[in-house]
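I have placed the structure first, in the form of C-alpha coordinates, so that the comments after it can refer back to it.
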Amino acid sequence: MSELGVFLRSRRERVRPAQVGLPAGSRRRVRGLRREEVALLADVSVPYYALLEQGREVRPSAGVLDALARALRLPPPEHALLYRLAGADPPAGSGPEVVSAGVVDLVARLDPCPTYVTGRNWDVLAANRAARALFGVFDNLLVFMFTDPRARYVYVEWEREAAAQLARFRAASAHRREASDVVALVSRLRDASDEAARWWASPDVAPLSAGSKLLRHPSVGEVRLEHVVLVVADAPDQKVVTFRGPEDQLRTLATSSV
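Taking UniProt numbering, the leading residue of the sequence shown gets 1, the next gets one more, and so forth.
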(Lines of atoms letter the chains of each structure in order from A and count residues from 1; the text may use other names and numbers.)
(Lines give C-alpha, C1' and ligand atoms only; values in the text may rest on other atoms or scores of the structure.)
Protein backbone atom coordinates (compact mmCIF):
# COMPACT_ATOMS: atom_id res chain seq x y z
CA MET A 1 0.00 0.00 0.00
CA SER A 2 1.31 3.47 -0.91
CA GLU A 3 1.80 6.33 1.56
CA LEU A 4 -1.34 7.91 0.17
CA GLY A 5 -3.29 4.70 0.73
CA VAL A 6 -1.99 4.31 4.29
CA PHE A 7 -2.85 7.92 5.04
CA LEU A 8 -6.39 7.68 3.64
CA ARG A 9 -7.11 4.46 5.52
CA SER A 10 -5.79 5.82 8.82
CA ARG A 11 -7.91 8.97 8.50
CA ARG A 12 -10.97 6.98 7.44
CA GLU A 13 -10.63 4.80 10.55
CA ARG A 14 -10.31 7.90 12.74
CA VAL A 15 -13.64 9.47 11.75
CA ARG A 16 -16.69 8.31 13.69
CA PRO A 17 -20.00 7.99 11.77
CA ALA A 18 -21.72 10.47 14.09
CA GLN A 19 -19.16 13.14 13.11
CA VAL A 20 -20.44 13.09 9.53
CA GLY A 21 -24.11 12.54 10.27
CA LEU A 22 -24.20 8.77 9.70
CA PRO A 23 -25.77 6.25 12.09
CA ALA A 24 -23.23 4.12 13.96
CA GLY A 25 -25.37 0.97 13.86
CA SER A 26 -25.02 -2.03 16.15
CA ARG A 27 -23.44 -4.36 13.56
CA ARG A 28 -20.60 -2.12 12.39
CA ARG A 29 -17.42 -4.20 12.11
CA VAL A 30 -14.95 -1.54 11.03
CA ARG A 31 -13.34 1.28 12.93
CA GLY A 32 -14.43 4.64 11.66
CA LEU A 33 -16.00 4.90 8.23
CA ARG A 34 -16.43 2.29 5.52
CA ARG A 35 -14.90 2.90 2.11
CA GLU A 36 -18.31 3.29 0.54
CA GLU A 37 -19.24 5.92 3.12
CA VAL A 38 -16.16 8.00 2.33
CA ALA A 39 -16.91 7.64 -1.38
CA LEU A 40 -20.48 8.79 -0.79
CA LEU A 41 -19.40 11.80 1.27
CA ALA A 42 -16.76 12.80 -1.30
CA ASP A 43 -19.10 12.17 -4.26
CA VAL A 44 -16.76 9.69 -5.98
CA SER A 45 -17.38 6.09 -6.98
CA VAL A 46 -16.52 3.30 -4.54
CA PRO A 47 -14.15 1.59 -7.05
CA TYR A 48 -12.33 4.88 -7.61
CA TYR A 49 -11.84 5.48 -3.88
CA ALA A 50 -10.71 1.86 -3.45
CA LEU A 51 -8.02 2.42 -6.08
CA LEU A 52 -6.75 5.43 -4.13
CA GLU A 53 -6.50 3.44 -0.89
CA GLN A 54 -4.82 0.57 -2.71
CA GLY A 55 -2.15 2.89 -4.04
CA ARG A 56 -2.93 2.36 -7.72
CA GLU A 57 -1.71 4.84 -10.34
CA VAL A 58 -4.54 7.32 -10.01
CA ARG A 59 -4.02 11.10 -10.10
CA PRO A 60 -6.99 12.69 -8.32
CA SER A 61 -7.91 16.25 -9.22
CA ALA A 62 -7.80 19.13 -6.75
CA GLY A 63 -11.59 18.96 -6.51
CA VAL A 64 -11.47 15.29 -5.51
CA LEU A 65 -8.72 15.92 -2.96
CA ASP A 66 -10.69 18.79 -1.43
CA ALA A 67 -13.81 16.62 -1.28
CA LEU A 68 -11.87 13.83 0.44
CA ALA A 69 -10.42 16.34 2.91
CA ARG A 70 -13.94 17.47 3.81
CA ALA A 71 -15.25 13.92 4.06
CA LEU A 72 -12.38 12.87 6.33
CA ARG A 73 -12.51 16.08 8.41
CA LEU A 74 -8.85 16.88 7.73
CA PRO A 75 -7.38 19.95 9.45
CA PRO A 76 -5.34 22.34 7.22
CA PRO A 77 -1.92 20.67 7.79
CA GLU A 78 -3.33 17.23 6.88
CA HIS A 79 -5.22 18.72 3.93
CA ALA A 80 -1.87 19.98 2.60
CA LEU A 81 -0.25 16.60 3.31
CA LEU A 82 -3.00 14.86 1.31
CA TYR A 83 -2.07 17.01 -1.70
CA ARG A 84 1.63 16.19 -1.36
CA LEU A 85 1.02 12.45 -1.02
CA ALA A 86 -1.14 12.58 -4.15
CA GLY A 87 1.67 14.33 -6.04
CA ALA A 88 -0.20 17.64 -6.31
CA ASP A 89 0.71 21.15 -5.26
CA PRO A 90 -0.68 21.90 -1.78
CA PRO A 91 -3.82 24.07 -1.71
CA ALA A 92 -3.13 27.79 -1.51
CA GLY A 93 -5.85 28.31 1.06
CA SER A 94 -9.58 28.66 0.68
CA GLY A 95 -12.72 28.71 2.75
CA PRO A 96 -13.36 30.52 6.02
CA GLU A 97 -10.45 31.02 8.40
CA VAL A 98 -10.97 30.11 12.04
CA VAL A 99 -8.72 31.17 14.90
CA SER A 100 -8.27 28.50 17.55
CA ALA A 101 -9.58 29.12 21.05
CA GLY A 102 -6.03 29.00 22.39
CA VAL A 103 -4.86 31.81 20.10
CA VAL A 104 -7.94 33.91 20.91
CA ASP A 105 -7.19 33.46 24.61
CA LEU A 106 -3.53 34.41 24.10
CA VAL A 107 -4.50 37.59 22.27
CA ALA A 108 -6.85 38.61 25.08
CA ARG A 109 -4.23 37.87 27.76
CA LEU A 110 -1.68 40.12 26.05
CA ASP A 111 -3.66 43.25 26.99
CA PRO A 112 -2.57 46.03 27.49
CA CYS A 113 -0.19 45.26 24.60
CA PRO A 114 -2.13 45.85 21.35
CA THR A 115 -2.36 42.47 19.61
CA TYR A 116 -4.25 41.15 16.61
CA VAL A 117 -4.27 38.10 14.32
CA THR A 118 -4.28 38.38 10.53
CA GLY A 119 -5.24 35.72 7.97
CA ARG A 120 -3.96 34.81 4.53
CA ASN A 121 -5.30 38.04 2.97
CA TRP A 122 -4.58 40.07 6.10
CA ASP A 123 -8.15 39.96 7.33
CA VAL A 124 -8.20 40.73 11.05
CA LEU A 125 -9.42 37.50 12.64
CA ALA A 126 -9.01 38.47 16.31
CA ALA A 127 -7.95 41.55 18.28
CA ASN A 128 -7.74 42.50 21.93
CA ARG A 129 -9.14 45.60 23.61
CA ALA A 130 -5.88 47.56 23.33
CA ALA A 131 -5.66 46.91 19.58
CA ARG A 132 -9.26 47.98 19.05
CA ALA A 133 -8.65 51.12 21.12
CA LEU A 134 -5.57 51.99 19.07
CA PHE A 135 -6.71 51.14 15.55
CA GLY A 136 -10.48 51.09 15.92
CA VAL A 137 -12.55 48.21 14.58
CA PHE A 138 -11.56 47.08 11.09
CA ASP A 139 -11.88 43.90 9.04
CA ASN A 140 -8.76 43.94 6.87
CA LEU A 141 -5.39 45.55 7.54
CA LEU A 142 -4.79 46.61 3.92
CA VAL A 143 -8.30 47.93 3.37
CA PHE A 144 -8.00 49.92 6.61
CA MET A 145 -4.63 51.32 5.58
CA PHE A 146 -5.70 52.49 2.12
CA THR A 147 -9.40 53.31 2.42
CA ASP A 148 -10.05 54.44 6.00
CA PRO A 149 -9.13 58.05 6.91
CA ARG A 150 -8.38 56.88 10.46
CA ALA A 151 -5.27 55.09 9.21
CA ARG A 152 -3.60 58.36 8.22
CA TYR A 153 -4.18 59.63 11.75
CA VAL A 154 -3.05 56.44 13.56
CA TYR A 155 0.07 55.90 11.43
CA VAL A 156 2.13 59.06 11.89
CA GLU A 157 4.45 57.97 9.06
CA TRP A 158 1.55 56.78 6.91
CA GLU A 159 3.20 56.88 3.48
CA ARG A 160 6.22 54.86 4.55
CA GLU A 161 4.10 52.38 6.50
CA ALA A 162 1.51 51.94 3.74
CA ALA A 163 4.12 51.35 1.02
CA ALA A 164 5.97 48.86 3.23
CA GLN A 165 2.76 47.04 4.12
CA LEU A 166 1.84 46.61 0.46
CA ALA A 167 5.36 45.37 -0.32
CA ARG A 168 5.07 42.80 2.48
CA PHE A 169 1.71 41.60 1.17
CA ARG A 170 3.14 41.31 -2.35
CA ALA A 171 5.85 39.00 -1.02
CA ALA A 172 3.51 37.01 1.23
CA SER A 173 0.93 36.44 -1.53
CA ALA A 174 3.37 35.76 -4.39
CA HIS A 175 2.59 32.03 -4.41
CA ARG A 176 -1.12 32.70 -4.96
CA ARG A 177 -1.03 35.93 -6.94
CA GLU A 178 -3.69 34.69 -9.38
CA ALA A 179 -6.10 33.45 -6.70
CA SER A 180 -9.51 35.10 -7.07
CA ASP A 181 -9.54 36.47 -3.51
CA VAL A 182 -6.11 38.08 -3.93
CA VAL A 183 -7.09 39.56 -7.31
CA ALA A 184 -10.31 40.96 -5.83
CA LEU A 185 -8.50 42.50 -2.86
CA VAL A 186 -5.79 44.13 -4.98
CA SER A 187 -8.41 45.44 -7.40
CA ARG A 188 -10.33 46.99 -4.52
CA LEU A 189 -7.19 48.67 -3.17
CA ARG A 190 -6.12 50.00 -6.57
CA ASP A 191 -9.59 51.40 -7.29
CA ALA A 192 -9.76 53.09 -3.89
CA SER A 193 -6.26 54.53 -3.65
CA ASP A 194 -3.93 56.15 -6.18
CA GLU A 195 -1.00 55.31 -3.90
CA ALA A 196 -1.97 51.63 -3.78
CA ALA A 197 -2.29 51.52 -7.58
CA ARG A 198 1.13 53.14 -8.03
CA TRP A 199 2.95 51.09 -5.39
CA TRP A 200 1.42 47.76 -6.45
CA ALA A 201 2.77 48.35 -9.96
CA SER A 202 6.31 48.56 -8.56
CA PRO A 203 8.45 45.44 -8.01
CA ASP A 204 9.15 46.19 -4.34
CA VAL A 205 8.78 43.30 -1.90
CA ALA A 206 9.53 43.08 1.81
CA PRO A 207 9.51 40.21 4.30
CA LEU A 208 7.35 40.06 7.39
CA SER A 209 9.54 41.11 10.30
CA ALA A 210 9.73 42.75 13.69
CA GLY A 211 10.20 46.51 13.89
CA SER A 212 8.78 49.72 15.31
CA LYS A 213 5.98 52.07 14.33
CA LEU A 214 5.22 55.64 15.30
CA LEU A 215 1.52 55.65 16.15
CA ARG A 216 -0.97 58.22 17.41
CA HIS A 217 -3.96 57.99 19.73
CA PRO A 218 -6.03 60.81 21.28
CA SER A 219 -5.43 59.56 24.84
CA VAL A 220 -1.67 59.03 24.64
CA GLY A 221 -0.53 61.23 21.77
CA GLU A 222 2.31 59.95 19.61
CA VAL A 223 4.04 56.79 20.81
CA ARG A 224 6.64 54.56 19.20
CA LEU A 225 5.81 50.90 19.73
CA GLU A 226 7.98 47.87 18.99
CA HIS A 227 6.23 44.94 17.39
CA VAL A 228 6.90 41.28 16.63
CA VAL A 229 5.14 38.94 14.18
CA LEU A 230 4.54 35.31 15.19
CA VAL A 231 3.34 32.50 12.90
CA VAL A 232 0.60 30.20 14.24
CA ALA A 233 2.05 26.68 13.94
CA ASP A 234 -1.29 24.96 13.26
CA ALA A 235 -2.36 27.61 10.72
CA PRO A 236 0.73 29.10 8.99
CA ASP A 237 -1.38 31.66 7.08
CA GLN A 238 -2.29 33.23 10.42
CA LYS A 239 0.08 35.75 12.03
CA VAL A 240 -0.04 37.16 15.56
CA VAL A 241 1.14 40.79 15.63
CA THR A 242 1.80 42.22 19.10
CA PHE A 243 3.14 45.62 20.15
CA ARG A 244 5.02 46.69 23.27
CA GLY A 245 6.03 50.08 24.59
CA PRO A 246 5.94 52.35 27.68
CA GLU A 247 3.75 50.59 30.24
CA ASP A 248 1.92 53.71 31.40
CA GLN A 249 0.94 54.64 27.83
CA LEU A 250 -0.20 51.10 27.05
CA ARG A 251 -2.41 51.01 30.13
CA THR A 252 -3.95 54.36 29.26
CA LEU A 253 -4.55 53.08 25.75
CA ALA A 254 -6.11 49.79 26.87
CA THR A 255 -8.54 51.55 29.22
CA SER A 256 -9.61 54.20 26.73
CA SER A 257 -12.95 53.88 24.98
CA VAL A 258 -13.04 51.62 21.93
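We put the CB at the ideal spot given by N, CA and C, even for glycine.
Any idea what DSSP makes of residue i, helix, strand or coil?
i: ASP105; result: helix
i: ARG34; result: coil
i: VAL58; result: coil
i: GLY119; result: coil
i: ASP248; result: helix
i: GLY21; result: coil
i: VAL99; result: coil
i: ALA235; result: strand
i: LEU72; result: coil
i: residue 286; result: Residue 286 lies beyond the stretch modelled for the chain, which goes from 1 to 258, so this question has no answer here.
i: VAL228; result: strand
i: VAL240; result: strand
i: LEU110; result: coil
i: LEU65; result: helix
i: ALA50; result: helix
Along the chain, where does the alpha helix (DSSP H) that runs through residue i open and close?
i: HIS79; result: 76-85
i: SER180; result: 180-192
i: PHE138; result: Premise fails: PHE138 is in no alpha helix (DSSP H) and is neither H nor E.
i: SER10; result: 3-14
i: GLU161; result: 158-172
i: ARG150; result: 149-154
Between residue i and the rest of its own chain, which residues show a CB-CB distance below 6 Å, the 5 nearest in sequence each way excluded?
i: LEU230; result: VAL240
i: ARG150; result: GLY136
i: SER2; result: GLY55
i: SER219; result: THR252, SER256
i: ALA71; result: VAL38, LEU41, ALA42
i: PHE7; result: LEU85
i: ARG31; result: GLU13
i: TYR155; result: GLU161
Pick out whichever of the options has its Cα sitting closest to the Cα of residue i.
i: GLU97; options: ALA126, GLU247, GLU157; result: ALA126
i: VAL20; options: SER212, ARG34, PRO47; result: ARG34
i: LEU134; options: TRP122, PRO114, THR118; result: PRO114
i: SER202; options: PHE169, SER10, LEU214, VAL182; result: PHE169
i: ALA174; options: SER61, ALA130, ASP204, ALA69; result: ASP204
i: ARG152; options: GLU195, ALA88, ASP123, TRP122; result: GLU195
i: GLN238; options: LEU214, VAL104, PRO17, LEU250; result: VAL104
i: PHE243; options: HIS227, TRP200, LEU250; result: HIS227
i: SER193; options: ASP66, ARG224, ASP148, PRO236; result: ASP148
i: GLU53; options: ARG9, ALA62, GLY245, ALA163; result: ARG9
Between residue i and residue j, what straight-line distance do the alpha-carbon atoms span, to the nearest angstrom?
i: VAL99; j: ARG120; result: 12 Å
i: VAL44; j: LEU185; result: 34 Å
i: PRO23; j: TYR83; result: 29 Å
i: PRO75; j: ASP234; result: 9 Å
i: LEU4; j: TYR49; result: 12 Å
i: ASP111; j: ARG129; result: 7 Å
i: GLU161; j: ALA254; result: 23 Å
i: ASP102; j: ALA108; result: According to the sequence provided, residue 102 is Gly. The question's Asp does not apply to it. For GLY102 and ALA108, the distance between alpha carbons rounds to 10 Å.
i: TYR116; j: SER209; result: 15 Å
i: ARG132; j: ALA206; result: 26 Å
i: GLU247; j: LEU214; result: 16 Å
i: GLY211; j: LEU250; result: 17 Å
Tell me which same chain residues have a C-beta within less than 8 Å of the C-beta of residue i, skipping the five on either side of it?
i: GLN165; result: LEU141, LEU142, MET145
i: ASP139; result: ASP123, VAL124
For residue i, report the span of its beta strand (DSSP E) as first-last.
i: ARG176; result: Premise fails: ARG176 is in no beta strand (DSSP E) and is neither H nor E.
i: ALA127; result: 124-127
i: ARG216; result: 211-217
Suppose the cutoff is 7 Å on Cβ atoms and the five residues either side in sequence are ignored; what does the same chain contact list for residue i look like?
i: GLY87; result: ARG59
i: ARG216; result: TYR153, VAL154, VAL156, GLU222
i: ASP181; result: ASN121
i: ARG73; result: VAL15, GLN19
i: ARG177; result: none
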